[in-house]
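Residue numbers (the numbering used here): 6 to 451. Note that beta-carbon positions come from the ideal geometry of N, C-alpha and C, so glycine has one too. Keep in mind it's a predicted model, so treat the numbers as computed, not measured. This report concerns only the one structure given below.
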Ligand SMILES: Cc1cc2nc3c(=O)[nH]c(=O)nc-3n(C[C@H](O)[C@H](O)[C@H](O)COP(=O)(O)OP(=O)(O)OC[C@H]3O[C@@H](n4cnc5c(N)ncnc54)[C@H](O)[C@@H]3O)c2cc1C
């Protein structure tokens, strides 16, 4: 079997010794670690050049305000160093056949044009690259070269050449003393046999530009919550200095708009995304915490606040009582721009008083809901899985078997099943690992 421009390599593994985890966010990493710790081999396939998922982009985590990188970085290293885990980053599953105990999986390894076993991650090639493009890890607010790592803890610590933007000038090749760069490397397809599969492909953020009336993409001082996370992150594009995009000034007044692409049947997203109330409050608190001298007024506009988890209600109360965050209950009608100072005018109804409000903010942050990840329908088709009415993977018996799918030997964890916070995603990762290990053990020779 050959494919034009691609090399096919068939790897021989005993299928019942090995599990496949698809998706290297925090839930997939946890599943991989827990399967590997039981002595089984794991192949972890991640679409982007690094594992870590969305958690790697976050600044702090609610409700404890722990530093996200401080929790995630040790896990990234543990995965990278684990003798039973093989990382296939910048890779995608092309096809899956077979049944529990003996799945045949074909993985496309995209050519990163850098030899993983030679690259030391020194970055000597970077200053020589003449091409600069927006860094997707920083949500396009910062820049990277065509030879790049998205963030300092990129795992594996190996550079990637972005073939779309590389002009093949060869400067990086000449600068690399270890001869780790080969611009002629091509994609390769690898076939592996595995006994069990965990799907952990996470989620996409709702595209807030779909709400034209909120001005995202039209007004510079309307941003989304993940952009805000990068703006306040010390390793982010502004080195953690909160500023608005029109003039680089610290915003004195910030408005957060909740449920943008959540609980809204008119946009085909009738469900609650479960994490937005808490990450909205977290970011409101962080704005005050980081810039308490300058940020005078922070307002959260929401339908209501859903603080259902452990410590969440206390966190909500702290935001109101200690940080003076103002909560307005009611959907925002529209926002407009004050052309003189580029401030954002928010018009909303306060449903507790029945009054219409008009407030001016120097920065507005839209808090988007969570959608199923791109390509989930293809993954589901490859595996014979069903999607639920919201487009996430369907679970037959959520009360008794919350990480089992309708296909024996295939398990799920994290947001691919529906919106979840980090602790719930990690717990589901461990649960899916246990279920996958039981399948490997049962299907193996005992
Ligand atoms: C702005 C914001 C702030 C948040 N703050 C918090 C917080 O403070 N505390 C908290 O608990 N939660 C928070 N969350 C929620 C948190 O991001 C999720 O709980 C967590 O990221 C879920 O992890 P996951 O592994 O399920 O998914 P993801 O993080 O989405 O990881 C999925 C991984 O799978 C990869 N992938 C996707 N498709 C494929 C494919 N076909 N093949 C291979 N790989 C694939 C992706 O590239 C990604 O690396 C926040 C969310 C947002 C949007």
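Our two residues, residue 86 and residue 303, have alpha carbons roughly 43 Å apart in a direct line. Listed as beta-bridge partners of residue 24 by DSSP are 47, 201. DSSP places residue 177 in the helix class (H, G or I) of the three-state scheme.
For the 7 Å CB-CB criterion, residue 349 and residue 370 do not form a contact. In this chain, residue 264 is not harboured by any alpha helix (DSSP H); it is covered by the beta strand (DSSP E) spanning 258–265. Residue side-chain check: residue 333 keeps its Cβ at 6 Å or more from all non-hydrogen atoms of ligand 1.
DSSP places residue 102 in the uninterrupted beta strand (DSSP E) bounded by 96–104. When C-alpha distances from residue 267 are compared across 291, 209, 299, 315, the shortest belongs to 209. Excluding residues up to 5 positions away in sequence, 266, 267, 374 lie with their Cβ nearer than 6 Å to the Cβ of residue 274 in the same chain. Inside the region 191–252, DSSP marks whole alpha helix (DSSP H) runs of 4 or more residues at positions 230–236, from first to last along the chain.
For the region 265–341, the continuous beta strand (DSSP E) assignments of 3+ residues that do not extend past its boundaries occur at 302–307, 331–334, in sequence order. Residue 93 is bridged by DSSP to 50.
For residue 159, no beta strand (DSSP E) segment is defined, and its DSSP state is neither H nor E. Separation of residue 215 and residue 379 (C-alpha to C-alpha, rounded to the nearest whole angstrom) is 17 Å.
Below 8 Å, too few C-beta pairs join the region 351–362 and the region 241–252 to call them touching: fewer than three.
Cα atoms of residue 376 and residue 418: separation of roughly 15 Å, rounded to the nearest angstrom.
Fewer than three beta-carbon pairs drawn from the region 137–144 and the region 83–97 are found closer than 8 Å, and the two stretches are therefore not classed as touching. Annotation for residue 386: the continuous alpha helix (DSSP H) segment containing it runs 381–388. Remark: C-beta atoms of residue 26 and residue 41 do not approach each other more closely than 7 Å. Contact between residue 68 and residue 320 is confirmed by a C-beta separation of about 4 Å, below the 8 Å threshold. Closest in alpha carbon position to residue 430, among 358, 236, 33, is 33. At least one heavy atom of ligand 1 lies less than 6 Å from the C-beta of residue 63.
Using a Cβ-Cβ distance cut-off of 8 Å, the region 112–127 and the region 167–186 are in contact, since at least three pairs of beta carbons, one from each stretch, lie closer than that value.
For the options 324, 164, 283, the alpha carbon positioned closest to that of residue 290 is the one of 324. With a contact defined as Cβ atoms closer than 8 Å, residue 232 and residue 109 miss out at about 41 Å.
Taking non-hydrogen atoms of ligand 1 into account, the C-beta of residue 93 is found less than 6 Å away from none of them. The criterion of a C-beta distance shorter than 7 Å is not satisfied by residue 437 and residue 24.
Secondary-structure assignment with DSSP links residue 366 through a beta bridge to 349. The three-state reading of DSSP puts residue 371 in strand, counting E and B together. Remark: the shortest separation between the CB of residue 230 and any heavy atom of ligand 1 falls under 6 Å. By the CB criterion at 7 Å, residue 393 and residue 276 fall outside the cutoff. Relative to the non-hydrogen atoms of ligand 1, the Cβ of residue 52 comes within a distance shorter than 6 Å of at least one. The alpha-carbon of residue 388 is positioned some 28 Å away from that of residue 61.
In the structure shown, the three-state DSSP call for residue 445 is helix. For residue 139, the enclosing beta strand (DSSP E) starts and ends at 137–139.
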